[in-house]
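Residue numbers (my numbering): 33 to 151.
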């Protein structure tokens, strides 16, 4: 089961930004082992619960936005409209994410250099 999730995650990362969620949605629909009936709606319900919890957590310090996006990602697997919305959100948020990641990595490198120098 972990190998399957790892494979799906790898396919997701290889998809072009702006199409990742729609591609994942299409792969999910083509998958014969996907959830049906009650199990499908339980996953959508879990996605909705995570999304709402993430929205509530936005008021507190912590990973509220990440939790909300994880919930939306679960919903996007089942609904094309949500997948399209997530792709648009990714394109809007990607530049800010890349700036923060570049800053974070630079900060870590600077700290490693200071440690090596004994400061």
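We put the CB at the ideal spot given by N, CA and C, even for glycine.
Non-local beta-carbon contacts of residue 98 in its own chain, meaning distances under 8 Å to residues more than five positions away in sequence, involve 86 in chain order.
Taken atom to atom, the span from the alpha-carbon of residue 63 to that of residue 130 is near 32 Å. Counting along the chain, residue 91 sits inside no alpha helix (DSSP H), nor does DSSP assign it H or E at all. Here residue 58 is not near residue 44, since their CB atoms are 9 Å or more apart. Between residue 49 and residue 126 the beta-carbon gap is near 6 Å, inside 8 Å, which marks them as a contact. For residue 111, there is no enclosing alpha helix (DSSP H), since its DSSP letter is neither H nor E.
Less than 9 Å separates the beta-carbon of residue 109 from that of residue 75. A distance below 6 Å between beta-carbons, with the five flanking residues on each side excluded, links residue 82 to the following residues of its chain, in chain order: 99, 102, 103.
With a contact defined as Cβ atoms closer than 8 Å, residue 79 and residue 107 qualify at about 4 Å. Counted as a single uninterrupted DSSP element, the stretch harbouring residue 68 is not any alpha helix (DSSP H), since DSSP gives it neither H nor E. Sequence-distant Cβ neighbours of residue 52 in its own chain, meaning closer than 6 Å and more than five residues away, are 44.
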